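K.L.:
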Amino acid sequence: MPSADLQPIGLHAERAVVPGTTPLIEARKLTKHFPIRPSILAQLLAGRRKRLVRAVDEVDLTIWPGETVGLVGESGCGKTTLGRLLTLLHQPTSGEIYFQGRPLIGDHVLVADEAGQIRRVPYYRLTQIVFQNPYSSLNPRKTVRQILSAPLQARGVKRPTELEAEVRFLMDRVGLNPSHIDRYPHQFSGGQRQRIGIARALAMRPLFVVADEPVSSLDVSIQAQVINLLEELQAEYQLTYLFIAHDLSVIHHISNRVAVMYLGHIVEEGTTDELFAAPRHPYTQALLAAVPVVEKAARRSRILLQGGVPSPIDPPSGCRFHPRCFTKKGKICEQEKPPFFQVGSQRVACWLYDNYPLATAATPSSGLPLQHSTEGQP
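Per UniProt numbering, the sequence shown starts with residue 1, numbered consecutively.
(1) Work out the CA separation of residue 214 and residue 70 for me, nearest whole Å.
(2) Alpha carbon to alpha carbon, what distance is there between residue 249 and residue 79?
(3) If you run the structure through DSSP and keep just helix, strand and coil, what is residue 13?
(4) Counting Cβ pairs closer than 8 Å, one from the segment 222-233 and one from the segment 97-105, do we hit at least three?
(5) Evaluate residue 57 with the Cβ neighbour count: other Cβ atoms within 10 Å of its Cβ, from every protein chain shown; 16 or more gives buried, anything less gives exposed.
(6) Would you mind reading off the limits of the alpha helix (DSSP H) that contains residue 169?
(7) Taking residue 98 as part of the beta strand (DSSP E), name the residues at either end of that continuous run.
(8) For residue 25, write down the residues that DSSP places opposite it in a beta bridge.
(9) May I ask which residues mark the beginning and end of the alpha helix (DSSP H) holding residue 282?
(10) Could you spell out the range, first to last residue, of the beta strand (DSSP E) harbouring residue 151?
(11) For residue 284, which residues of its own chain have a beta-carbon under 8 Å away from its beta-carbon, when the five flanking residues on both sides are left out?
(12) Thinking C-beta only, is residue 122 closer than 8 Å to residue 32?
(13) Kindly list the residues whose CB is nearer than 6 Å to the CB of residue 281, restricted to its own chain and excluding five residues on each side of it in sequence; keep chain order.
(14) What do you get for residue 24, buried or exposed, if any count of 16 or more other CB atoms within 10 angstroms of its CB means buried?
(15) Could you compute how far the alpha carbon of residue 222 sits from the alpha carbon of residue 144?
(16) I need the straight-line Cα distance from residue 5 to residue 124, nearest angstrom please.
(17) At which residues does the alpha helix (DSSP H) containing residue 220 begin and terminate?
(18) Report buried or exposed for residue 109, applying the criterion of at least 16 other Cβ atoms within 10 angstroms of its Cβ.
(19) Beta-carbon within less than 7 Å of residue 359's beta-carbon, same chain only, minus the 5 sequence neighbours each way: which residues are those?
(20) Going by beta-carbon coordinates alone, are residue 240 and residue 258 separated by less than 8 Å?
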């Protein structure tokens, strides 16, 4: 806990009490296509047809207050792009983002403050991101004081004494020595730099944080410390996380729910325990079967997928997994995109489950507080 002389100074940011039936973040048909600039030769060969990288294609995702949703999938499947869309670092090609049940208006959102007044708030004040690479995400020409002061000033903290106190508080809160605020990023280790990145995100007092593979570039011993810090901050400040990772053991540890992504689509979503115990989608089954397990009794039979991942420039029709699927049902998999079917607590986009009812929006994780309190925010 922060020492008594390092308490934060300044007004608390606006906080809305979220009803139990309202998701914090909701993506509806969220899409991001990146245009390709071909060479002159490629233009002559392909004609004038516009080519696109379909990084994220009509993704629906619901995230409830106070939970951690893990997002997994192979490299290049669109995980990072989806995280950046939800923080508006990328502008969507189409689709909508809702915050506390209200659609975004440009880069602003309408929220109700504690007095019940509807206010127009910049979206960046409510959502932040922790980047994957702590070596490239911090400006090497700026001191930690300057790096952490920038979001504080954007939040309205102007006086030098207040900035000093807030920067020192943030450093202390993430486990760094406050006396090191005038050092440069190269004077810190990788784990320490990632803590500075977490402090920078925390400085805005957000409600929602995208953690984009925050421990993948760190040593295993340091990974555990950073994950523990993220969990402590979530409990203390009631944060909501989208946690992106390729390490399924980390996802299993930190997440309440898991969404599995393949080639720009979410193919399965469910509570962590049930999805890991009984994966439904063939891709999820193959993904979990590749995880090394120490206990022999808990090991799954390896599933070897045929061929490589298709190109997101020219993805397959129908179910995008059908060229590699070992349980393909027939022509319907090749011709029609499967909707989500509700299989227990899991939502599965696979024609194998067309005898199950169509899925509705995801429900809150079991045991999570649905009332998003305004007390204890940083």
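The C-beta atom is built at its ideal place from N, Cα and C for all residues, glycine as well.
Bear in mind the structure is a predicted one, so any value in this text is a computation, not a measurement.
P.N.:
According to the structure data:
(1) Working through the sequence shown from its first residue, we reach residue 70 at position 70. Working through the sequence shown from its first residue, we reach residue 214 at position 214. Cα-Cα distance, rounded: 12 Å.
(2) The residue you call residue 79 lines up with position 79 of the sequence shown. The residue you call residue 249 lines up with position 249 of the sequence shown. So the two alpha carbons sit approximately 17 Å from each other.
(3) Sequence index remark: in the sequence shown, residue 13 carries index 13 (1-based). At residue 13, the pLDDT of 37 sits below 50, so the modelled position is not reliable; the number obtained from the coordinates is stated separately. Of the three classes helix, strand and coil, the one that applies to residue 13 here is coil, per DSSP.
(4) Contact between the segment 222-233 and the segment 97-105 is absent, because fewer than three Cβ pairs lie under 8 Å.
(5) As a working mapping, residue 57 is identified with position 57 in the sequence shown. With 16 or more neighbouring CB atoms inside 10 Å of its own CB, residue 57 falls in the buried class.
(6) As a position in the sequence shown, residue 169 is number 169, starting the count at 1. Residues 160-173.
(7) Numbered from its first residue, the sequence shown carries residue 98 at position 98. Start and end: 94-99.
(8) The count along the sequence shown starts at 1 and reaches residue 25 at position 25. Per DSSP, 63 and 99.
(9) Locating residue 282 in the sequence shown gives position 282, counting from the first residue. Segment 282-289, the alpha helix (DSSP H) holding residue 282.
(10) Position 151 of the sequence shown, counted from the start, is the residue given in the question as residue 151. Careful: residue 151 lies outside any beta strand (DSSP E), inside the alpha helix (DSSP H) at 144-154.
(11) Start at 1 with the first residue of the sequence shown, and residue 284 comes out as number 284. Correct list, in chain order: 260, 267, 268 and 275.
(12) On the sequence shown, residue 32 is found 32 positions in, with the first residue counted as 1. On the sequence shown, residue 122 is found 122 positions in, with the first residue counted as 1. At least 8 Å separates the beta-carbon of residue 32 from that of residue 122.
(13) Taking the first residue of the sequence shown as 1, we reach residue 281 at position 281. Here the set comprises 267, 268, 348 and 350.
(14) Here residue 24 refers to the residue found at position 24 when the sequence shown is read from its first residue. Result: buried.
(15) If you number the sequence shown from 1, residue 222 lands on position 222. If you number the sequence shown from 1, residue 144 lands on position 144. Near 20 Å, if we compare the C-alpha coordinates of residue 144 and residue 222.
(16) Numbered from 1 along the sequence shown, position 5 holds the residue referred to as residue 5. Numbered from 1 along the sequence shown, position 124 holds the residue referred to as residue 124. Only weak support is given to the placement of residue 5: the predicted model assigns it a pLDDT of 40, under 50, and the value that follows is read from those uncertain coordinates. Going by the C-alpha atoms only, they are around 29 Å apart.
(17) Mapped onto the sequence shown, residue 220 falls at position 220. First-last of the alpha helix (DSSP H) with residue 220: 220-237.
(18) On the sequence shown, position 109 is the one that residue 109 refers to. That one is buried.
(19) Stepping through the sequence shown from its first residue, residue 359 is reached at position 359. Counting only Cβ-Cβ distances below 7 Å, and skipping sequence neighbours, we find 340, 341, 342 and 347.
(20) Within the sequence shown, the letter at position 240 stands for residue 240. Within the sequence shown, the letter at position 258 stands for residue 258. Residue 258 is positioned such that its CB atom lies no closer than 8 Å to that of residue 240.
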